[in-house]
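I have placed the structure first, in the form of structure tokens, so that the comments after it can refer back to it.
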Amino acid sequence: MVGACRIALGNAAFSVDARTGGELSAKVADDPAVSLFGPFGELPVSAATTALAVLPVAMYFVTSSDSASLVIDLLTAATPTCRRSSGSTGPSSKTTQAPSRHGRRTAPSCGAVPRSSHPRRRTVPIPPGLPWIPAHRP
665 MVGACRIALG NAAFSVDART GGELSAKVAD DPAVSLFGPF GELPVSAATT
715 ALAVLPVAMY FVTSSDSASL VIDLLTAATP TCRRSSGSTG PSSKTTQAPS
765 RHGRRTAPSC GAVPRSSHPR RRTVPIPPGL PWIPAHRP
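Just so we're on the same page, the working numbering is the position in the sequence shown counted from 1, plus 664.
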């Protein structure tokens, strides 16, 4: 849909520029922001074409925002990296709760790699009561 809009609106801009003797090209050279909405003033249904041009721009910003939110969620998740990359987000039998020296709960570690053999693995303390860790009730 975006490609079809780009082709249709681009051809309309070329035809408007040819009819006006390059006037549109001069406006765009002075102010590049005119390049999207400048030709619509010359078209018969300018309100409809303006709405049609705003739709792909809005779709671009919405999908970019969704992608950025997903990346931020993955980076700030309390799930170990080895489980995040496999797509598993729920509890599994391989996940263990690592003990802490100070008695606080820590981020779960992956059971596939022994804790001592992984050079970059470290224990990160997580304060109790955060939403992703259920409260321990005896």
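Backbone N, C-alpha and C define an ideal beta-carbon position, used for all residues, glycine too.
- Between residue 687 and the set 702, 716, 713 and 739, the nearest pair of CA atoms involves 702.
- Relative to the Cα of residue 677, the nearest Cα in the group 696, 730 and 707 belongs to 707.
- DSSP, read as helix, strand or coil, puts residue 707 in coil.
- Annotation for residue 690: the continuous alpha helix (DSSP H) segment containing it runs 687–694.
- In this structure, residue 691 lies away from residue 680, with their beta-carbon atoms at least 7 Å apart.
- In this structure residue 727 is exposed. Its beta-carbon is surrounded by fewer than 16 other beta-carbon atoms within 10 angstroms.
- For residue 684, the secondary structure class from DSSP, reduced to helix, strand or coil, is coil.
- In the three-state reduction of the DSSP assignment, residue 722 falls in the helix class, which pools H, G and I.
- Secondary structure of residue 674 (DSSP, three-state): helix.
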